[in-house]
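Numbering (the working numbering), first residue to last: 186 to 308. All residues carry an ideal CB built from backbone N, CA and C; glycine is no exception. Computed from a predicted structure; not experimentally measured. Reviewing the structure listed below.
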């Protein structure tokens, strides 16, 4: 079990981060997921990168930039989890209804943000 942890840490060493205030939304790539955890709950996650999918520069939300997630009528602010320069934003929900749509909203004042990114919980 130590090999994956060591490999993961080694990969993070070559990463950088940038504050979201320094980028327009069009200059970011968003990796969004929703996962049923198998216990009746689900987790939404978002990782923002500067540039494209292969970038190793992760976006740290600053200023008034925020990510929120809505699932089955419940809206939550996504909270940041950080390891080194890697930033991931998550929200947990007390439901894992297959086929339901989850919406992630990236709100900001510098531009229009990304108001409606949708995901569907798989069957």
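When you compare the CB positions of residue 204 and residue 253, do they come within less than 8 Å of one another, or not?
Here residue 204 corresponds to residue number 19 of the chain shown, with the count starting at 1. Here residue 253 corresponds to residue number 68 of the chain shown, with the count starting at 1. No, Cβ-Cβ distance for residue 204 and residue 253 is not below 8 Å.
Relative to the alpha-carbon of residue 210, which residue among 201, 257, 251, 286 has its alpha-carbon at the smallest distance?
As a working mapping, residue 210 is identified with position 25 in the chain shown. Of 201, 257, 251, 286, the residue nearest in Cα terms is 251.
In angstroms, rounded to a whole number, what distance separates the CA positions of residue 289 and residue 278?
For the purposes of this step, residue 289 is taken as the residue at position 104 of the chain shown. For the purposes of this step, residue 278 is taken as the residue at position 93 of the chain shown. Residue 289 and residue 278: Cα-Cα distance of roughly 13 Å.
Would you call the CB atoms of residue 232 and residue 273 closer than 8 Å?
The residue given as residue 232 occupies position 47 in the chain shown. The residue given as residue 273 occupies position 88 in the chain shown. Yes, the Cβ-Cβ distance between residue 232 and residue 273 is below 8 Å.
If you draw a straight line from the C-alpha of residue 302 to the C-alpha of residue 202, how long is it?
Working through the chain shown from its first residue, we reach residue 302 at position 117. Working through the chain shown from its first residue, we reach residue 202 at position 17. Spanning the two alpha carbons is a distance of roughly 23 Å.
Could you name the residues that DSSP lists as bridge partners for residue 246?
In the chain shown, residue 246 corresponds to position 61, counting from 1. The partner list for residue 246 (beta bridge, DSSP) is empty, contrary to what the question assumes.
Among residues of its own chain, excluding the 5 on either side of residue 307, which ones have a beta-carbon nearer than 7 Å to its beta-carbon?
Residue 307 sits at position 122 when you count from the first residue of the chain shown. Once the five neighbours on either side are set aside, the close Cβ partners of residue 307 are 283.
Using 8 Å for Cβ pairs, my map puts residue 235 next to residue 212. What's the rounded Cβ distance?
For this step, residue 235 is matched to residue 50 along the chain shown. For this step, residue 212 is matched to residue 27 along the chain shown. So it is a contact: roughly 6 Å between Cβ atoms.
Using alpha carbons as the reference points, say which of 199, 200, 217 lies closest to residue 299.
Walking along the chain shown from the start, residue 299 turns up at place 114. The closest CA to that of residue 299, considering only 199, 200, 217, is found on 217.
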